[in-house]
Amino acid sequence: MTTPTFKHGCEFSMTIGGELINTAERLDVINPATGEVFASAPRAGQKELDMAVAAGQRAYGEWKLYPYNERRKLLAECAKLITANVDELSQLFTAEQGRPLAMARDEVLGAALWLKGMGMHELPVEITEDTDARRVEVHRVPLGVVCGIVPWNFPVLLAFWKISHALLAGNTMVLKPSPFTPVTTLRIGELLNEVLPAGVLNIISGGDELGPMMTSHPGFAKISFTGSTATGKRIMASAATDLKRITLELGGNDAAIVMPDVDVKAVAQQLFMGAFFNTAQICIATKRLYIHEDIYDEMRDRLHGLAKVLKVGNGFDEGVLFGPMQNKLQYDRVSALMTDAREIGLTVLEGGPVPDTGYFLPLTLVDNPPDDSRVVTEEAFGPILPLLKFSTIDEVIARANNSEYGLAGAVWSKDIEQAVAIAHRLETGTVWINQNLQSSPTTPLAGHKQSGIGAENGKDGLLEFTQPKSIYIPKTQ
């Protein structure tokens, strides 16, 4: 199936101050399943960025005064509007990102879920002192205009992890989607103009040069970024110039530990999807799978069997579970990692055939490579998974923790008490037991080590977009 024709057309606009804005220079947007351009987006520069920041500053003075419940209601209205347009938005998503249509739909609906779910949290006034002499109140107040920078792997959901937090707390936002996946987010910006006051949410698109312009712009009070650790370090340095607040959700080389008591047949597909969902382009995906030696061969063979039969292809085609790599740069990087594994003599277990056009790679396993091989030490962010044999709990915990990253991990065992004990010893911000890839508006996601700074989601994530303000109130004159 080819890319569908969109009723809205294939030229998209930015939203700045409630107006639809275009630029003479455009970004080509490529369908990664075909390698062909299917749409275009504006290429913003300093002029458009300044316009967006100014719009956010104008709107901030009034938006921060909206009662909390009114902001919550408006975000719920935004959720309804996204849900009402889920069919169009899902098709745009698959065309630009590559993920199969049903899973694209889940992500679009996830954005609506986050807009409503974050509204479950309150920002209560904390009373730290209440005596005959005085009362001390601690309020949580917004920061100002927030810069949001979103990656291409989850372009809609991760945008709304930022939007829901920032706007609910009383901030305004300028959001930049990835130049690889701008159009679904731009279209949502056009739709939300029907609900949000002008300038509260500004969405601009641009090339790689736009990000550094944003992070160095003096008009932002905070930067919220999701992406690579290397880019996060540059953003942190840029933010230091004027002490912008930062939330950084960065890379991960997440380990899953499979104990010998599991039912191999029952858990194999869960393990497989935890590693390969979204063609393994997930920060919190399993990227190192440690399997106890007693069940290693059986689990390896079952996982390889899945790789050979589960369908890879165009996300608009029936029966497809895994789409292409989202862009040529990442395709080349993961291809090089696969080539390296073969050249150094590792046992590579390749999955079934993939289409000849587009940025497709086979679902690939590597059979018990050395711990110091690139396929183990690097975050692949693509469909190549090392399977690693272990014998003792202390050994596997040490190996799992031997990473500069600490984003997420998983433990699989019928012995829940033992699994929890292992989870406590893993140096990661999230650990799942007998499950994976779970997140919620009620629960924080925070990276340890070089996987990030700050938290997203839950009350902790909401507070990241506020600052405390203490007011001392005397009771006597």
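For the sequence shown, the residue numbers in my numbering are 16 to 492. Backbone N, C-alpha and C define an ideal beta-carbon position, used for all residues, glycine too.
Contact under 8 angstroms by Cβ, Gly214 with Ala59: no
Anticipated Cβ contact below 8 angstroms, Thr294 with Gly397, distance rounded: 7 angstroms
Rounded separation between Val44 and Asp409 - CA only: 48 angstroms
Reduced DSSP secondary structure (H/G/I, E/B, other) of Arg86: helix
Selected residue, minimal CA-CA separation from Ile178, among Pro385, Ala254, Pro456: Pro456
Cβ pair count under 8 angstroms reaching 3, the stretch 462–480 against the stretch 412–423: yes
Residues that DSSP places opposite Trp447 in a beta bridge: Ala425
Local conformation of Met274 per DSSP, three classes: coil
As assigned by DSSP and simplified to three states, the class of Tyr75: helix
Buried versus exposed, by CB contacts within 10 Å (16 or more), Lys302: buried
Distance between beta carbons of Val189 and Val160, contact taken as under 8 angstroms: 7 angstroms
Given Leu64 as reference, the closest of Val277, Asp257, Val349, Ser220 once Cα atoms are compared: Ser220
Host alpha helix (DSSP H) of Pro227 (start-end): 225–230
Host alpha helix (DSSP H) of Met215 (start-end): The displayed chain sequence assigns Val, not Met, to residue 215. Careful: Val215 lies outside any alpha helix (DSSP H) and carries neither H nor E.
Beta carbon of Ala322 nearer than 8 angstroms to that of Gly289: no
Cross-strand partners of Thr262 (DSSP beta bridge): Ser239
CA-to-CA distance, Gly266 to Val381, given in whole angstroms: 21 angstroms
C-alpha distance - Pro170 paired with Glu144, whole-angstrom precision: 44 angstroms
DSSP three-state assignment for Gly163, whether helix, strand or coil: strand
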